[in-house]
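**Student:** First residue of the sequence shown? That's 0 in numbering that gives the first Met the number 0, and the numbers climb one at a time after it.
Here a beta-carbon is modelled for each residue, glycine too, at the ideal position from N, C-alpha and C.
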Amino acid sequence: MRYEVPGVLDLTLPDTDGVPLILDSPHSGRDYPEDFQPLVGRHDLRRVEDAFVDSLFERAPDFGATLLNARFPRTYIDANRAATDLDPAMLLSPWPEPIRPSEKSRLGHGLVWKTYPPDRPLYPGKLAVDAVRRRINEYWLPYHETLETEIRRLHITHGQVWHLNCHSMPSTSSPYIPGRAGVRADFVLGDRDGTTCGRDFTAFVRDTLEAMGYSVRLNDPYRGAELVRAYAAPSEGRHSLQIEINRALYLDEQAIEPGRGFETLQKTLTELIRAMAAYTRDRIDPVAEAAE
0 MRYEVPGVLD LTLPDTDGVP LILDSPHSGR DYPEDFQPLV GRHDLRRVED AFVDSLFERA
60 PDFGATLLNA RFPRTYIDAN RAATDLDPAM LLSPWPEPIR PSEKSRLGHG LVWKTYPPDR
120 PLYPGKLAVD AVRRRINEYW LPYHETLETE IRRLHITHGQ VWHLNCHSMP STSSPYIPGR
180 AGVRADFVLG DRDGTTCGRD FTAFVRDTLE AMGYSVRLND PYRGAELVRA YAAPSEGRHS
240 LQIEINRALY LDEQAIEPGR GFETLQKTLT ELIRAMAAYT RDRIDPVAEA AE
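Set out below in C-alpha cells:
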C-alpha cells in the first residue's frame with residue numbers, strides 16, 4: 000500500500016503482515032521544486048544526491064518492512080538536519096525563534112544549504128524568512144512527522160522497532176566531509192557510538208554484510224545525523240541505525256546513472272532486508288501485540 004505526497008514523500012506499507020522494521024531514504028529525492036533557482040546547474044546538484052538509494056531498497060515492503068522516501072532534493076532542504084540548524088547569515092531578516100547552527104551550517108550544509116561543496120555559493124543573495132519557513136512546513140515537517148508516526152505505530156504494535164536510515168557516500172573521501180583520505184569502505188554503519196541502536200543489531204547488520212564479502216566500518220567517518228538521533232531510544236526499544244553505501248558499488252558517479260554493479264547490489268540489499276526482517280520478527284514482543 001503506497002501513500003504519496005507529490006514532490007514531498009512516498010510511504011509504502013507492506014501488504015503482508017508487517018514486521019517492526021522501517022527504512023527511510025531522505026537524500027535520494029530528485030523532484031526539484033519550481034521555486035528552487037540556485038546558481039549551480041542541475042547535474043552538479045544531482046552529484047550530491049544519494050542517487051537511486053530509494054531504488055536499491057525498494058523491495059523492503061515485500062518482507063513486511065515499511066519504506067519512506069523523500070522526493071525533494073537535500074540541497075533544497077535537508078531532512079537529515081534539525082529544524083534549528085540554520086545559518087542566520089543567509090537570511091534577509093532575523094529568524095523569529097531560537098536557532099542552533101551546527102558545524103554543518105558553518106560548512107554551508109545545514110538545514111538549508113548555503114554553498115555547494117566545497118564553497119560555491121548556492122544563491123545570488125540571502126533568502127527570505129518566509130521562503131525558508133515554507134520549505135520547513137511543506138517539505139521537512141511532513142517527512143519528519145511521517146517517519147515519527149510510523150516509528151511510533153510500529154513500536155506500539157510490536158513493542159520494539161528498528162529503523163534503518165539509508166544513504167550513499169562518495170567512493171573516495173571529499174573535501175567537505177571529514178574522513179580518511181582515499182577509498183572508503185563498502186559500507187559505513189553509524190549508531191552515534193552506540194547511543195541510537197542496540198549494539199546487537201548494529202553487529203548483526205555488520206556481520207551480515209561482511210559474510211557476503213563486503214568491508215564495513217562503524218561510525219567512521221559517519222556517525223549518523225538528525226534522523227538517527229531524533230527518534231531513537233534504545234532503552235525503550237526504539238533503535239535507529241544509519242547505513243552509508245559506497246557509490247562505486249552501484250553508481251556511475253560521473254553520469255549519475257546506475258552502474259554495472261547496480262543489480263548485484265540491489266540483490267545484496269534485498270537479502271539484507273530479508274535478514275533484518277527475520278531478526279526483528281524473532282524479537283517481537285507478544286505481550287505488546289496481544290494488547291494491540
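#1: With respect to the alpha helix (DSSP H) encompassing ALA130, which residues constitute its N-terminal and C-terminal limits?
#2: Taking all protein chains shown into account, do 16 or more other C-beta atoms lie within 10 angstroms of the C-beta of ASN136, making it buried, or fewer, making it exposed?
#3: Smallest Cα separation from HIS26: which of TYR138, ARG133, ARG119?
#4: DSSP state of VAL160, grouped into three classes?
#5: List, from N- to C-terminal side, the alpha helix (DSSP H) runs of 4 residues or more that fit wholly inside the segment 209-288.
#6: So, helix, strand or coil for VAL52, using DSSP?
#7: Quick one, are the C-beta atoms of LEU12 and PRO60 less than 8 Å apart?
#8: From VAL18 to THR279, what distance separates their C-alpha atoms?
#9: Once DSSP output is grouped into helix, strand and coil, what is the label at PRO177?
#10: Excluding the 5 residues preceding and the 5 following GLY6 in the sequence, name in chain order all residues of the same chain whose CB lies nearer than 6 Å to its CB.
#11: Among residues of its own chain, excluding the 5 on either side of GLY260, which ones have a beta-carbon nearer than 7 Å to its beta-carbon?
#12: Please state whether DSSP places HIS143 in a helix, a strand or coil.
#13: Quick check: the segment 139-156 against the segment 204-223, are at least 3 beta-carbon pairs closer than 8 Å?
#14: Can you tell me which residues form a DSSP beta bridge with GLU33?
#15: From LEU208, GLY223, SER234, ARG237, pick the residue whose C-alpha is nearest to that of GLN265; which is it?
#16: Is ALA69 helix, strand or coil by DSSP?
#17: Measure the C-alpha to C-alpha separation of GLN253 and ASN245 and round it to an integer number of angstroms.
#18: Among residues of its own chain, excluding the 5 on either side of ALA231, which ones have a beta-carbon nearer than 6 Å to its beta-carbon?
#19: For the segment 53-68 against the segment 94-103, are there 3 or more C-beta pairs whose distance is under 8 Å?
#20: Between which two residues does the alpha helix (DSSP H) harbouring ARG105 extend?
#21: From LEU126 to ASP34, what distance separates their C-alpha atoms?
#22: Considering only C-alpha positions, which residue in the set LEU44, HIS108, ILE283 is nearest to ILE155?
#23: For ALA50 and ASN164, what's the separation of their Cα atoms in angstroms?
#24: To the nearest angstrom, report how far apart VAL187 and GLU243 are at their CA atoms.
#25: Output the boundary residues of the alpha helix (DSSP H) element that contains ARG41.
#26: Can you check which of these residues, LEU110, VAL128, ALA130, ARG105, is closest to ASP118 by C-alpha distance?
#27: With a Cβ-Cβ cutoff of 8 Å, do GLU144 and ILE21 count as a contact?
#28: Residues in the same chain with beta-carbon distance under 7 Å from THR114, minus the five sequence neighbours each way, listed in chain order, please.
**Tutor:** Straight from the coordinates:
#1: 128-134
#2: exposed
#3: TYR138
#4: strand
#5: 225-229, 261-280
#6: helix
#7: yes
#8: 7 Å
#9: Below a pLDDT of 50, predicted positions are generally treated as unreliable, and PRO177, at 46, falls in that range; no measurement from the model is reported.
#10: ASP30, ARG70
#11: LEU248, TYR249
#12: helix
#13: no
#14: The partner list for GLU33 (beta bridge, DSSP) is empty, contrary to what the question assumes.
#15: LEU208
#16: strand
#17: 14 Å
#18: THR195, ARG237, SER239
#19: no
#20: 102-105
#21: 12 Å
#22: ILE283
#23: 15 Å
#24: 5 Å
#25: 41-45
#26: ARG105
#27: no
#28: GLY107, PRO120, LEU121
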